[in-house]
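Visitor: Please find one structure pasted underneath; my questions will follow.
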Amino acid sequence: MISFFYLGIILFLAGAIASLIFNQRAKGFAYILTSIGAIFLAIFGVLLLSSPPVNILSISITPILEFVFRGDTISGFFILVISVITFSVSIYSVGYTKGMANKGVLGFLFSIFIVSMYAVVLSGNVITFLISWETMSIVSYFLVVFDTQEKSARAGFIYALMTHVGMAFIIALFLILYKYTGHMDFAGIKAAAGNLPDAVKTMIFIFAIIGFGTKAGIVPLHTWLPEAHPAAPSNISSLMSGVMIKVGIYGILRIIVDILGVGPEWWGTVIIIIGAVTSVLGILYATVERDIKRLLAYCSVENIGIILLGIGASMILASNGLYKLSAIAMTAGLYHTLNHAVYKGLLFLSTGSLVHATHTKNLEEMGGLIKLMPYTAFFFLIGSVSICALPFFNGFVSEWLTYQSLLSNFQDVSATAKVAAPLGAAALAFSGALAVACFVKAFGIPFLGLPRSHHATDAKESPPSMITGMGILALLCLVLGIFPGHTIKLFSPAVSSLTGIEYMLPSGKGIIHISKTAVDLSPLAILVAMIAIFVAVVVLIRIVGGKSRVTHGDSWDCGMTSLTPRMQYTATAYTNPFRRIFEKIYFPIRSVNSVYILKPLILKSVSYTNEITPTFDKYLYKPITDFIHSIAGKVKMLQSGSIHLYLGYILITLLLLLLFWF
Amino acid sequence: MEYLQFVIIIIFSPLVQGIIKKLKANCQGRVGASILQPYYDLIKLFKKEMAFSRVTSWIFRVTPFIVFISTIVAAMMIPVITTKSSFGLMGDVIALIYILALGRFFLALAALDAGTAFGGEGSSREMIVSILVEPMIMLCIFTVAITAGSTNIAMIAEPQNFIFSPSHVLALLAFLIAIIADTGRVPVDNPDTHLELTMIHEGMILEYSGRYLALIEWSHYIKQMILFTLFIDMFVPLGIAHDTGTTGLIISSGVYSLKLLFLVGFMAVVESTRAKVRIFQIPTILGGSFVLAVLSLLTLIMVGK
Amino acid sequence: MKDWIDLLYIMDFVSIGILLTAISINSLGRIESWIKAYMINSWLLSLLIFFVAVKNPEHHLYLASTLTFASKGILLPFFLKSIVSQMKKTHVVETYLSTSLSLIISGIIIAIVYVSLGKGIFVTGFSSFVLKISVAVILIGLFIMITRKSAMTQILGLLFMENGVFLAGFSLTFGMPTIVELGVVFDLLMIVIIMGVFMIQIKQKFSSEAADIDQLTNLKG
Amino acid sequence: MIGLLIFIPLITAALCYLVKNRRGIEYINLFGAAALAIAAIFPITASHSETIYFFREMFFMDAFSSYFMMVLVFIAFVAAMYSIDYMGHEFKEGVIGISELRQYYAFLHLFIFSMVFATVSNNIAFFWMAIESTTLVTSLLVGFYRSKESVEAAWKYIILCTVSITFGLLGVFLIYYASTSVYEDTYQVSRLGIIGTLKWTELREIAHEMNPETLKLAFIFILVGYGAKAGLAPIHNWLPDAHSQAPTPISALLSGVLIKCAFLGIVRIVILGNMSLDTSYYNHLLLIFGLVSMGIASAFILTQNNFKRLLAYSSIEHIGIMAIGIGIGSFWGIYGALLHLLNHAIVKTLLFLSTGRVRLKYNTTMIDKVRGSIVVLPVSGTVMLLGVLAIAGCPPFNVFLSEFTILKAAIDKGNWVTFALFILFATVVFGGIFYHFGNMAFGKPGTDIEKGEKKKEYKMSLMAIIVLAVLMLVLGLYIPGFLDGMLNSSVKIITGN
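Protein chains in written order, with the numbering used here: chain A, 12 to 673; chain B, 23 to 327; chain C, 1172 to 1392; chain D, 585 to 1081.
So, in structure tokens, the structure goes:
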């Protein structure tokens, strides 16, 4: 079983080396290697899920520097997630990177990035975790700034800085854990973590939320996400958005749920509140985006919120001793983790092929692409339907489970938790509705209607490898949606090792049944019913209406001469009502400036700009940085350039030392 | 037998629409068309030929089917005259809402497909209404669901006793407003107009004609009736049968039609006494009822059943 | 023949004289007089070393005293004088503080030194007394470096500090091993020479006759 | 063996000054540095087990100084290697003539000589002289370009360092006095009256008998004296000026070795202190100086516009980190500090060398004049960025390892204040340094700068840079056994058991 692991990793490293060696001549076979490696590691992950924890590797160099890699069911689950996405992204990348500037470096970073993510979820002690974690961050940083432009450099800087701040908190929390447990090894820490003082536990909880939340992108630590993900090449963005932020979730699960164990109830409440806020704000910002990749990035924020809702519910239930329900909630969380990885990966890949074909990320310049790029359009549609949690695709099942776990009746739960959970469900409903709106726009504007610019008119469909990559994920969206029972069975060991009880959702014949609340869900049945009805309907129409007669004409243009693309609704126009309604959240900045030839009679041109205020940058981060800079500015006085002053420092230092230390 | 109760909805939904129209006409002192008029319209439409815009894509063609089918599947899920139905295993009330959302999603897409300004306008406004209405409906559902300890509609409708806690009253009011908004009725939308400033639903389906239009209209009727039925099941389930005994079924169908008539009357009255509001006043109305829904949930949690 | 030294407290007087010459700098206005003061200071230093040598017969101390006299008392002053004489313009020392104020501050410094070194009872008798004086001399040297503008005064301040250190060395331990003394003196000479070189460069680059180093503020931040 | 170490640089310097043609000088320089590195191997290996002496115990090498010697000779070799390209470029540009070239190499090797001398000298007074002579030599190198700024920097450098080191001499005298008092107690009175000792090895033997008060006073003077040279804030002010004005290889040596050489002097006194009664006194002083240095440096790094000065401030920060490590005083703290000494030497040298390539390309040291260097210089630019990540303490690079060790030690001691401030300052520094160098690396380069680095011309410097980069990465993931052994025995020497 471990041989699978080694085989996979070797293949990845081989891919990395290969793509470095034949830099530009590499015909993308590095990606073939990685895709095969991904298959091996997927197998490894599945095996891990069904086996007791295994020690993979441990090298002790000095007492400080020991590399310990250990796999258990939790890491197994995440390995599975990573591998699935990696597999299709690798296949996609073969076509995507064709003719790219220094793609050899890209291939190298790609492989190392994935390896480092595997390393994170497998690391068995602090130092290993930290090294792999930061390696992951650094490599992803280099991928963000890959096209050495000013803009992406800025994005990269924000990203690197924020993850480094997160890193500081992570280091702190690990060292505190070490101080109080005396262990650097996760197993040892977990064993000793039971009798930590509550204050310490709380501190670690908070640090973990901040540290890993930064990577996962919880509000208000999400600001790097919409900057960094669009800047990276699209195959990388799909990895970052699909997988890397999940590694942040892994950290939260590993530290809070696995190591600290069942905590006080308010932890869960806090997590639910964070989740609710994150999901709603994330999708609200996504809705009004015009840059399609930023839109998707904000959607990732929303989905992280939904995942946290599941986890939080599970924690509340666990701390009230309702273990079965908590297991269900955790299932919901993990399931959504998997699903989001799949459909967000798919969406970013299809967006990638969109951008690849149109050379723009601006929705306003696209349109009518469904005719030019049918496959991409179809896969993007599937992705959208899944992310909107519409029935019989995968997002639906996990969100449904999340609802169930949030609504599962809380008997002896404190008032705050009682309020928080249903309101969390309400937030979920709200963000769900918003997601529909958001993706109607995200699919409708670029793909439907008439082309809005030459970018759209001379786009063409992507090469087969890219289509294959998307197709795999699209298929997965459907399969995970229709056969939830089998999927849940697959990763239920991870759930039980997280919640500490052997409980598996009774789900046979494609039906999920929650006995506690006597509800069932069977996407399969829904699908079958739909097909049956479809046939019935077609027959019936035939009977009633006879043979269908169709004439083709132009769209109705109110009797004007002809319909031009400029008459269509733009993305901005589409979401204008949203900006109007939620202006207390967006703080939109509208400005109409007219250029006159002869004021006020003859108007030359009118231009209209409509932006939303970057609230968090403006009101949270800027003050902090300004404060630090002002202090630095004051300190800068010290080095005024006058040597007399410097000599004065020496004198004063000496006198102070003589007076106070002697 | 009990598996076919959804057919009731499918068949009678145009009738309900007809009755509402009739009542409205009477309220406004007109004679109005016959209550069977919707049927005539549908049959007529089925027979007519269709005109497609050249701009449109396959999305435009599949949408009517998806909308119609998903609506029917939703109809299969709710108990109409008896709570005993194995279609419950397809999903619960939350699933039902999401299935309806599927139809809405595709309808909004199809509206954008023709590339006209009306389509975009309609779809955008539809989305605005839906993001306000859907959570509202959800909240009302949560209220009753937490009371019943399940989101299974049958389970919600099982307890005959006609619960009348403050939370339920609030939820009931909120749900009524939600229905008004979601079925596209005054004051939120005006189903009888094609004035571009006012229309929402009509704007979306402007490009449709012939049998596709028929499918969409019909599914619109069905959806309306589903919402009525859902209302009945959630708040006034009194009299609904628990088994498939003939007597029980007869009684419950009688009761059901009475409740339905009451609701229909209510709708008619509301529509003829209210005026259509500006699009940007809708949020204030819906927002108010949204607060009602939240309050209902909070009171339930705080006060208890 | 040693006892008369202790009888007449000659060494105390000499060391006090060293301190006074150091303090006197504060009130002197012309560089030439500074150099004179330094010369006297060095002579007193060598005298003190001589007395130490007399008091307990270590031959290398005689050597040290003559060495000090030769280098600090004769060689350096003349070297400095030659540099000063090259400066055509003013030989007035420009200062940041008024004479009285700088005198007061140097008084404060001396007080601090006496207080802080008074605490430890680790150095005894005569040595402790001279240690305090020498530290005071060093700090005053630093102080005049801080408050005077021209490069020359900085060199002189440095030299006063060195004298203070030597004072400490000989008073505390009756001298270092000879090689150390030689090395230190050699270092001192090197420093002064190199500083002279740089002073000339400053005069060229900054085109200021008195080599005012308060112009050297291009590098900051 | 130690004799070789002392004489090789001297001879090299002399030869460099005598030879007249460029190639010859360069080869002599390279071979001299190489010979020094090779010659250093034997004493290092020999002294690993027990202390070795040379010339009437005047010179010595124990594990600690051999560890330092290793760093020194390595960095010296790299710098010498790099100088060939750098100075060659300046020579071709006509910035300097052949005579300056000769002076440069002569001074370079004198500089190396004085540092070697300081490292191996057993006599603390000789150590003082060596440090002083480094000041003299390097001041000439700082003023090498004879521009207004460089003269100014040289003047400040020589004044500040000499003034402060004068206090160091006083400290040395005090220690000598303390030792005499010991012999007084033990009635070792010779014909010449009371004699003390300046031999560090002997001092270590008798340290526990010395008067702790005297040692404290001595330590204060030594700390101020060598601290200024080592660049401990707030008496660091010479450092940014000198670093920014000196030729790049010299900056690398200053930052990589010299300041640590002065730090070595402080550590040796700390060792004596550890022998005597209370260690907390010394540790507190070091901790305070370290934290102040980190704080001040971070502030200056944040608002810096000249990358060489920025690197200089980062050196201040890292000296601060070493001081903290020593100040924590536990085994792992000192271990971390010593490891950090090596890591910082490697990474900082790397940074100076790679930014030196940038400086030659853009010929400016202003940050906002440099854009897109990663496009212009693919290798150096990338390595520069990696080095920045490393210096900012990111895994998987070596600096993280030592910093983590120090943090762990601080936690072990329960020293929360240090822990918190350390992390805070380190994060601020990351922000500042990464912001500036990110701007330098990316963006659109000016049109006048031609892209690509001509490999054959700069193969020497590129080789140097790449070697350092590889080391940086390897030491981040692996600590070779002999290094670990050296560190352990050095720590034992410092903790004194």
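Glycine residues also receive a C-beta, built at the ideal position from the N, C-alpha and C atoms.
Where in the segment 871–929 of chain D do unbroken runs of the beta strand (DSSP E), each at least 3 residues long, occur, reported from the N-terminal end onward?
Guide: Whole beta strand (DSSP E) segments, 3+ residues: zero.
Visitor: If you count every other CB in all the chains shown that lies within 10 Å of the CB of glutamate 313 of chain A, and 16 or more means buried, which is it?
Guide: The Cβ neighbour count for glutamate 313 of chain A, taken over all protein chains shown within 10 Å, is at least 16; the residue is labelled buried.
Visitor: I think methionine 671 of chain D touches leucine 685 of chain D, with their Cβ atoms under 8 Å apart; what is that distance to the nearest whole Å?
Guide: Contact between methionine 671 of chain D and leucine 685 of chain D holds, since their C-beta atoms are separated by about 6 Å, short of 8 Å.
Visitor: Along the chain, where does the beta strand (DSSP E) containing isoleucine 75 of chain A start, and where does it finish?
Guide: Counting along the chain, isoleucine 75 of chain A sits inside no beta strand (DSSP E), nor does DSSP assign it H or E at all.
Visitor: Taking all protein chains shown into account, do 16 or more other C-beta atoms lie within 10 angstroms of the C-beta of glycine 380 of chain A, making it buried, or fewer, making it exposed?
Guide: Contrary to the premise, residue 380 of chain A reads as leucine rather than glycine in this sequence. Answer is buried; the Cβ neighbour count reaches 16.
Visitor: In its own chain, which residues sit with a C-beta less than 6 Å from the C-beta of isoleucine 201 of chain B, not counting the 5 before and 5 after it?
Guide: Leu249
Visitor: So, is lysine 245 of chain B buried or exposed, given that buried needs 16 or more other C-beta atoms within 10 angstroms?
Guide: buried
Visitor: Taking only beta-carbon atoms, is isoleucine 592 of chain A less than 8 Å away from chain B?
Guide: yes
Visitor: Go ahead and pull the three-state DSSP assignment for aspartate 204 of chain B.
Guide: helix
Visitor: Compare the beta carbon distance of leucine 481 of chain A and leucine 574 of chain A with 8 Å and say whether it is the shorter of the two.
Guide: Going by the sequence as given, residue 481 of chain A is methionine instead of leucine. Contact flag unset, no.
Visitor: How many Å lie between lysine 1320 of chain C and serine 1379 of chain C at the Cα?
Guide: Taking the Cα positions, lysine 1320 of chain C is about 12 Å away from serine 1379 of chain C.
Visitor: Look up tyrosine 1180 of chain C in the DSSP assignment and say whether it is helix, strand or coil.
Guide: coil
Visitor: Along the segment 709–733 of chain D, where does the CB come closer than 9 Å to a CB of chain C? Name the residues.
Guide: Ala709, Phe710, Trp712, Met713, Glu716, Ser717, Thr719, Leu720, Ser723, Leu724, Gly727, Arg730, Ser731, Lys732, Glu733
Visitor: Ends of the beta strand (DSSP E) at proline 611 of chain A?
Guide: That residue, proline 611 of chain A, is in no beta strand (DSSP E); it is neither H nor E in DSSP.
Visitor: Would you check whether the ligand FMN has a heavy atom nearer than 7 Å to the C-beta of threonine 1002 of chain D?
Guide: By its list of ligands, the structure shown contains no ligand whatsoever, and the ligand FMN lies outside what it can speak to.
Visitor: Quick one: using the 10 Å Cβ neighbour count with 16 as the cut-off for buried, is tyrosine 607 of chain A buried or exposed?
Guide: exposed
Visitor: Going along chain A in order, which residues have a C-beta closer than 9 Å to the C-beta of leucine 1390 of chain C?
Guide: Gln650, Gly652
Visitor: Rank D:Lys1043, D:Gln888, D:Asn927, D:Leu720 by C-alpha distance to the C-alpha of serine 828 of chain D and give the top, closest one.
Guide: D:Gln888
Visitor: Cα separation between phenylalanine 404 of chain A and isoleucine 1050 of chain D?
Guide: The alpha-carbon atoms of phenylalanine 404 of chain A and isoleucine 1050 of chain D are separated by roughly 51 Å.
Visitor: With which residues is proline 599 of chain A paired in a DSSP beta bridge?
Guide: A:Ile623
Visitor: Quick one: residues in its chain with C-beta nearer than 7 Å to the C-beta of phenylalanine 157 of chain A, no 5 flanking neighbours on either side, listed in chain order?
Guide: Leu117, Ala243, Pro244
Visitor: Beta-carbon within less than 6 Å of glycine 259 of chain A's beta-carbon, same chain only, minus the 5 sequence neighbours each way: which residues are those?
Guide: Phe223, Lys226, Ala227
Visitor: Does the CB of asparagine 174 of chain B have a neighbour CB from chain A at under 8 Å?
Guide: yes
Visitor: Go to methionine 645 of chain D, then tell me how far its beta strand (DSSP E) extends in each direction, as first and last residue.
Guide: 643–645
Visitor: Where leucine 26 of chain B and isoleucine 150 of chain B are concerned, what is the direct C-alpha to C-alpha distance, given to the nearest angstrom?
Guide: 35 Å
Visitor: Would you decide whether phenylalanine 1066 of chain D is buried or exposed? Buried here means 16 or more other CB atoms lie within 10 Å of its CB.
Guide: exposed
Visitor: Measure the beta-carbon distance from threonine 165 of chain B to leucine 129 of chain B and round it to whole angstroms, keeping in mind my assumption that it falls under 8 Å.
Guide: About 28 Å separates the beta carbon of threonine 165 of chain B from that of leucine 129 of chain B, a gap too long to meet the 8 Å contact definition.
Visitor: Alpha carbons only, please: which of A:Leu264, A:Ala584, A:Ile270, A:Tyr296 is nearest the one belonging to glycine 344 of chain A?
Guide: Answer by Cα proximity: A:Leu264.
Visitor: Classify valine 617 of chain A: buried if its beta carbon has 16 or more other beta carbons within 10 angstroms, exposed otherwise.
Guide: exposed
Visitor: Closest by CA to isoleucine 57 of chain B, which one among B:Gln39, B:Leu67, B:Ile65, B:Asn48?
Guide: B:Gln39
Visitor: Interface residues of chain D around histidine 640 of chain A at Cβ under 9 Å?
Guide: Leu886, Thr887
Visitor: Nearest by alpha-carbon distance to tyrosine 1357 of chain C: which of D:Ser698, D:Leu724, D:Glu716 is it?
Guide: Correcting the residue type first, residue 1357 of chain C is phenylalanine in the shown sequence and not tyrosine. Taking only the C-alpha atoms, the option nearest phenylalanine 1357 of chain C is D:Glu716.
Visitor: I want to verify the contact list: residues of chain C whose CB lies under 8 Å from the CB of lysine 647 of chain A, in sequence order.
Guide: Gly1392
Visitor: Quick check: the Cα distance between alanine 974 of chain D and asparagine 34 of chain A, rounded to an integer number of angstroms?
Guide: 26 Å
Visitor: Does aspartate 1383 of chain C come within less than 8 Å of chain A when only Cβ atoms are used?
Guide: no
Visitor: Flag this pair as touching only if the segment 1024–1035 of chain D and the segment 974–986 of chain D have three or more C-beta atom pairs under 8 Å; answer yes or no.
Guide: no
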